[in-house]
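Student: Structure in structure tokens, see below.
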Amino acid sequence: MPTTSASVPEPVRAYLDELDRASAGLPRDQRQDLRARVWAEVAEAAGSDPAPERIDEALRRLGPPSALAGTGGHALRDPLVVHLLGCSLLTFGIGGVAGLVRVWRSPSWPRVDALVATLMVVVAGAVLPMLAPVHPIAGALLGGLGVGSLLAACVLGGRMLMARRRARRARRTSPDADAAPHTPRGGGGTAPSGRCEDSSR
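Its first residue numbered 84, the sequence shown is counted upward by one per residue in this note's numbering.
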């Protein structure tokens, strides 16, 4: 029987929420492995007596969620945002609009990056009709969802690569990188209450 959110201890729920944010840019199977590792460690430490101090000790041994995710506090950016913005012209602007919506809603992209992308699209849409002899509406669409989206994709792509480089550097220099126990892929573990891991995520 899946563990309901009400039966998950608050420290574990908070840890998993932070882990989800820190690992948002990782592939899905890696994120699932990280969650399984947390459940396995907590279940092993708590045993049949899920006392709060046992759970807290297990979470302390795992270290900060950002370290467990290998990001060193630098959340990995969602790459789909860059792809959507970059292919805006190929999708007649649909990709650009979807990219802007996603960058604002994604927890892995800082608000300043979302603002920069939006401003580039808006400015390009306003400037191109003034520089080129085209219809204002057509020029605005071509400038914003074409040129602006492409420039935004380049800028956000560069920031995404820098974030990944910082994460790799933090992972190499982290003293806890090799200290945490390894959980084989697919080893879901059990929750401290003895029931299966939360399958809603």
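Beta carbons: idealized from backbone N, C-alpha and C, even for Gly.
Roughly how many whole angstroms lie between the Cα atoms of R249 and L173?
Tutor: So the alpha carbons of these two residues sit roughly 32 Å apart.
Student: Only counting the same chain, and skipping five residues up and downstream in sequence, which positions put a Cβ closer than 6 Å to that of G269?
Tutor: Only weak support is given to the placement of G269: the predicted model assigns it a pLDDT of 41, under 50, and the value that follows is read from those uncertain coordinates. Answer for G269: no residue qualifies.
Student: To the nearest angstrom, report how far apart L225 and L211 are at their CA atoms.
Tutor: Rounded to whole angstroms, L225 to L211 spans 8 Å at the Cα level.
Student: Less than 8 Å between the CB atoms is what I'm expecting for A152 and L99, so what's the real figure, rounded?
Tutor: Contact flag wrong, Cβ pair sits at about 11 Å.
Student: Would you kindly check if the distance between the Cβ of A200 and the Cβ of V81 is under 8 Å?
Tutor: The structure shown does not extend to residue 81, since the chain is modelled only from 84 to 284, so the question has no answer here.
Student: Taking three-plus beta-carbon pairs below 8 Å as touching, is the segment 108–127 in contact with the segment 136–152?
Tutor: Counting Cβ pairs under 8 Å, three or more are found: they touch.
Student: Quick check on V186: does DSSP put it in helix, strand or coil?
Tutor: In the structure shown, V186 sits in a helix (DSSP, three-state: H, G or I).
Student: Does the segment 169–184 come within contact of the segment 108–122, defined as at least 3 CB pairs closer than 8 Å?
Tutor: The segment 169–184 vs the segment 108–122: no contact.
Student: Tell whether a beta-carbon distance below 8 Å holds between V184 and G240.
Tutor: Their beta carbons are not under 8 Å apart, which means V184 does not touch G240 by this criterion.
Student: Output needed for E117: all residues of its chain with C-beta closer than 7 Å, excluding positions within five of it in sequence on either side, in chain order.
Tutor: For clarity, residue 117 is Leu in the given sequence; the question names Glu instead. L102, S106, L151 and A152.
Student: Measuring only the C-alpha atoms, how far is R194 from L228?
Tutor: The straight-line gap from Cα to Cα measures roughly 20 Å.
Student: A134 to R96, Cα distance in whole Å?
Tutor: Distance between the alpha carbons of A134 and R96 is about 15 Å.
Student: Looking only at its chain, what residues have a beta carbon closer than 7 Å to the beta carbon of L234, apart from the 5 residues adjacent to it on each side?
Tutor: The residues are M203 and A207.
Student: Put G270 into one of helix, strand or coil per three-state DSSP.
Tutor: Residue confidence for G270 is low, a pLDDT of 42 falling below 50, so the modelled location carries little weight; the figure read from the coordinates is stated next. It is coil, neither helix nor strand.
Student: Would you call the CB atoms of R251 and D196 closer than 8 Å?
Tutor: No.
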